[in-house]
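Going down the list, the sequences are from chains R, A, D, F and C. Here the first sequence is numbered in full-length UniProt numbering, starting from 1 and rising by one per residue. Here the second sequence is numbered in full-length UniProt numbering, starting from 1 and rising by one per residue. Here the third sequence is numbered in full-length UniProt numbering, starting from 1 and rising by one per residue. Here the fourth sequence is numbered in full-length UniProt numbering, starting from 1 and rising by one per residue. Here the fifth sequence is numbered in full-length UniProt numbering, starting from 1 and rising by one per residue. Reviewing the structure listed below.
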Amino acid sequence: MDLGTIAGIIVGLIFVFAGIMAGGSVITYLNLESILIVIGGTISATFVAYPLAKVLEAMKITSKAFSKEKVEPRDIIHSINGLANTARKEGLLALEEAAEGVEDEFLQKGVMLIVDGTDPELVRNLLETELAFVEERHKEGQGILETMGSLAPAFGMIGTLIGLINMLRTLDDPSTIGPSMAVALITTFYGSLLANLLFIPLANKLKLRSKEEILRKEIMVEGLLSIQAGENPRIIEEKLKAFLPPKIRKELQQKEEGVEA
Amino acid sequence: MDLGTIAGIIVGLIFVFAGIMAGGSVITYLNLESILIVIGGTISATFVAYPLAKVLEAMKITSKAFSKEKVEPRDIIHSINGLANTARKEGLLALEEAAEGVEDEFLQKGVMLIVDGTDPELVRNLLETELAFVEERHKEGQGILETMGSLAPAFGMIGTLIGLINMLRTLDDPSTIGPSMAVALITTFYGSLLANLLFIPLANKLKLRSKEEILRKEIMVEGLLSIQAGENPRIIEEKLKAFLPPKIRKELQQKEEGVEA
Amino acid sequence: MDLGTIAGIIVGLIFVFAGIMAGGSVITYLNLESILIVIGGTISATFVAYPLAKVLEAMKITSKAFSKEKVEPRDIIHSINGLANTARKEGLLALEEAAEGVEDEFLQKGVMLIVDGTDPELVRNLLETELAFVEERHKEGQGILETMGSLAPAFGMIGTLIGLINMLRTLDDPSTIGPSMAVALITTFYGSLLANLLFIPLANKLKLRSKEEILRKEIMVEGLLSIQAGENPRIIEEKLKAFLPPKIRKELQQKEEGVEA
Amino acid sequence: MDLGTIAGIIVGLIFVFAGIMAGGSVITYLNLESILIVIGGTISATFVAYPLAKVLEAMKITSKAFSKEKVEPRDIIHSINGLANTARKEGLLALEEAAEGVEDEFLQKGVMLIVDGTDPELVRNLLETELAFVEERHKEGQGILETMGSLAPAFGMIGTLIGLINMLRTLDDPSTIGPSMAVALITTFYGSLLANLLFIPLANKLKLRSKEEILRKEIMVEGLLSIQAGENPRIIEEKLKAFLPPKIRKELQQKEEGVEA
Amino acid sequence: MDLGTIAGIIVGLIFVFAGIMAGGSVITYLNLESILIVIGGTISATFVAYPLAKVLEAMKITSKAFSKEKVEPRDIIHSINGLANTARKEGLLALEEAAEGVEDEFLQKGVMLIVDGTDPELVRNLLETELAFVEERHKEGQGILETMGSLAPAFGMIGTLIGLINMLRTLDDPSTIGPSMAVALITTFYGSLLANLLFIPLANKLKLRSKEEILRKEIMVEGLLSIQAGENPRIIEEKLKAFLPPKIRKELQQKEEGVEA
């Protein structure tokens, strides 16, 4: 579980509810109509904007923003180093067995391509095409969240307009003006909260997560091609480390030197 | 029929109407003036912004967002594979007859160019120019919808201003303030609803549809040039599959293996 | 006259006036102060943003959005074909006389360069530089209209603020609040209407018109260089047709075939 | 003095003041607090956004938007032509004396580089680096004005919020509501006016001025390198004229022909 | 300490507080709920949008906007000149000792790479990768501040909506409307002030600071590679000066000439 995302949403809601309870009660804010218009309207318009298959895929991708990324780039370099050592000592064919132990599907597929003796140019091509599709899919996921982030406040305003129009039509009893207006404003409140605490920040986290995943996959592509080219495992490791930010690289080095010492 | 687009609009309207009927009646919202200002104003300004021919073309293109795309990329690859086999076995001239059975106009035209013995460079040129024009036309369609998506709320606000000004001029009877203001706000309601449930989401779906159509046509161009070059149908198929997303590619492969087994 | 632009503006105004007259009278909307602040302010700020010469040029260019484009690309291809035939039969020098009959100034200038025996590289260079200046000038025209489109609502709001401030200062007689507020809102109404029915849509139409003119001039450059290179008129025609959208190209072809048959 | 910029600001203010005086008095609008919050806040935030040195430089650059550009591109071509003639007749070293008569600092510096026998590649490098720095500095000047153009309305709104909050806290005497609200709105009025009549249009004029200056300097670089290469003054002039818009080029040509005739 | 940033914020606050105290008291503005919703909500949503590690890093980077940049580009050129002289006279290995006196970590690391006899191509590669990571990190820092700059007004509005809804629900005592509304508006006031005096200007200053730091590091990379190539210290200095703006370059030259004289 990614604590940041979940804690951010929960703590944000706590702050908002604290503000609500300081001067009123939460029950006032549970307005079924408002929820229907904002959430129903946003989701309906999203389905006008995107085909069903893409929306479902986006939901799967969004769940990533909530799940903790377990595979660190350094672990991938470690895995590739292991594969490179196996290939060096026992030949490329020995990778077939090793591939079974590889958890990452993309890396496993790449290893199988090497074992099958696929032409290096084709290996690069296939893996990079797949990378491009992964990137495209992530971008669509972000796009859907950003679309929802702009639709939610719009439907919030539409709901508030409906509330105001309904109230203004029947101005018989002045004492009902206040409560009716309060209800009308709740829809705008929902739209703003959904957009600013959920959709827009999630779209941003997805962008960052996508960048990390692309980096991990680029390391894999580079590593796989180097293994296929029969490069020295030590040199492969150095090459892949260039993909890491200097800070992590330095940590790795210190750890290594510790081991060597 | 593309269920997503139509269902999205209908379900969105149901949510909005549910919100309306919870506190009022739909009849209040049927205001001829408001409809005239928002829809009339938006369409008039669209005609100032775009020539008539482009607006009509955009309407035709928009209808695509409502129609289900029947031709899947995998079917195109299948068609091209059939053509490649015919060309291989019976020669390029035999494609003339085969071309008659091809449904897609773009593909048919490409086949006829090959049959006519057009220079490969010229074939690519002609097809890619046509592709560029298709893309351009799609972009204009989106552009018109986006323009309408920004004009509708603007004319909604203009209508509300008119309503407010008319009301404020004659503040004799306080009891009419409410209903007059309600009527004034209906125009803003219309503008927002049209923009956020119709124009903006439709522009987005059109963009996605355009991308799919361009992909299909790119597969055709690549396939046609490979057929003309006399490449092996099996190799052509592999080449074209690289255009498909990995997921669909895997499905195809499994199906094939099932057939082979 | 370009009917689309003028009809769009007039019909749009009719819709807006219909809305006004449904609940009030047009006379209320004729407020000299509002007109002075919105139009005067917008024009003044435009002169701060752009030098006088550019604003005048923009007005000339904008008038194009109102005038019907008479020269179709197919007519240009026809003209060039005629010139190519003359050059073929009677030599490049014979073009001097033919050039006098050419209406388009740009084309005429190009023909004179050829007649003068200018180096082909220099001809291309001179014509393309001129093309770049035309494009630049069109972009500035659009830029001025877009600037006005964002200034008009801003000065509309400034005018409304002035109206509100003046009204609020003297709240002696409650019966004047409504009419004063109505007058204040008229300025916002003017700003919005000018921006959304006039400036922004006109900027867009200018962009499309500019694209068409650039296309026409590109066809001329390509044609002139082909004539100078002594290419076959028939081949020149085919080459230039590649600049046309497929639909128009097909129409031309059918017409031709009709003539030939 | 650049009449356009100054006249635009003054005439714009006249329109606004005419609107003010039609329904109130200018004195109402002289509110010290409002001026302090809008101008003080905008300038303070600008200093948070930009270092002091850059803000001062931007002010110097902005003053250009008020000053009339005296050096026309045609005059520069004329100057360079004179230098080219001197270099041709009396040798490059004779330029040292001629350089003293050159007003433009950039051109003078370039001439001195040539006189010093600097390598042509290095001359181009040095001058183009300087050009890049000039462009960078102009962009920062525009950036500061644009930042102020978005800060001014924001602080206008902040001031209005303060005014409203102060008023709402002490609603004892209903007769003070109007005047207090009027005062609150004055801050928004200031912010809008500053942004739309001053900052945003000035940023735009600066952009156009920068483009003109860069063009002039590019002509100088090209001319200087041609002089150093010992090209014919006549040919240099023709080459530099290609930088001019066709309209001015034609005027020059007609004048020349008049002289020759 | 960077006076501009701190003074800008403090002076901005003074102007705002002066405005507040002119018509009310600062105590009214100390509303715990408002502060909780705006600051709490903004920070929570920022944690949804960015992982914890990046937010912490952004805070470290932001502190740079408050700290005075002590190392001027001219000092770096001076340092590199010293290193170049040492390398020239005593050989590359003598740099090891000299490196200890180098304050900048990046420069020191580069010197050590040279001392270790790393291949020049690899030195450039390693340093430029590190430069790219520094740039990336700065961009993320700006991105976080910009995100906060758009979240703060959004949560300000959410807080105001809560205040209005709570107030409207209980319209029993008209005398409480004013004060309740005042409290509601305070949240919007906080959001606007934080965004426009703090987050958005700070993001901008960070961008400028980042540009300066990248320039300094680029000078170092160029200098280190020149030292490694054994170039003449005098020539290295000239080369590096091309990175400086002309104004500073001129100052340096005058100082030098003064020294020489």
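C-beta: ideal position from N, C-alpha, C; glycine also. Predicted model only: the values in this text are computed from it and were never measured.
Secondary structure at residue i, three-state DSSP: helix, strand or coil?
i      : result
F133/R : helix
N204/D : helix
L95/F  : helix
I10/C  : helix
T86/A  : helix
A152/F : helix
N31/F  : coil
L244/R : coil
T118/D : coil
D104/R : coil
M1/A   : For M1/A, the predicted structure reports a pLDDT of 49, less than 50, and the residue's modelled location is therefore unreliable. The matter cannot be settled from this model.
V26/F  : helix
Y190/A : helix
V71/F  : coil
A182/A : helix
Using a Cβ-Cβ cut-off of 7 angstroms, state whether residue i counts as contacting chain C.
i      : result
M1/R   : For M1/R, the pLDDT reaches just 49, beneath the cut-off of 50, and the residue's location in the model is therefore unreliable, leaving the point undetermined.
A84/R  : no
F199/F : no
K211/R : no
Measuring alpha carbon to alpha carbon, tell me which residue in the options is nearest residue i.
i      : options                           : result
P104/D : D173/D, L252/D, R216/D and K54/D  : The identity of residue 104/D in the sequence shown is Asp, whereas the question assumes Pro. Answer by Cα proximity: R216/D.
I227/D : E135/D, G159/D and R88/D          : R88/D
I144/R : A45/R, I158/R and G8/R            : A45/R
A152/C : T176/C, V183/C, T187/C and I61/C  : T187/C
T147/C : L206/C, Y50/C and F133/C          : Y50/C
M59/C  : K139/C, I10/C and A84/C           : K139/C
S79/R  : I236/R, E251/R and K255/R         : I236/R
G24/F  : L161/D, P233/D and N196/D         : L161/D
I76/F  : E213/F, E231/F, Q254/F and K255/F : E213/F
N85/C  : V71/C, T176/C, K250/C and G223/C  : G223/C
S71/A  : L107/A, S175/A and G40/A          : Checking the displayed sequence, the identity of residue 71/A turns out to be Val instead of Ser. Nearest option by C-alpha distance: L107/A.
S63/D  : M21/D, F15/D and I6/D             : I6/D
I10/D  : V48/A, E251/A and L3/A            : V48/A
Any C-beta of chain A sitting closer than 7 angstroms to the C-beta of residue i?
i      : result
A7/R   : no
E130/R : yes
L36/R  : yes
Taking only beta-carbon atoms, is residue i less than 7 angstroms away from chain F?
i      : result
I114/D : no
F47/D  : yes
V11/C  : yes
L215/C : no
Mind checking if residue i is an interface residue toward chain D, Cβ cutoff 7 angstroms exclusive?
i      : result
F106/A : no
S192/F : yes
A152/A : no
N166/A : yes
So, is the C-beta of residue i closer than 7 angstroms to a C-beta in chain R?
i      : result
G149/A : no
P174/C : no
* To do: Would you be able to state if there are at least three C-beta pairs under 8 angstroms between the region 173 to 192 of chain C and the region 155 to 167 of chain F?
  => yes
* To do: Evaluate the contact criterion for the region 122 to 139 of chain A versus the region 26 to 40 of chain A: three or more CB pairs, one atom per stretch, below 8 angstroms.
  => Segment contact: the region 122 to 139 of chain A against the region 26 to 40 of chain A, fewer than three CB-CB distances shorter than 8 angstroms; contact not assigned.
* **Cβ pair count under 8 angstroms reaching 3, the region 239 to 256 of chain D against the region 91 to 107 of chain D** => no
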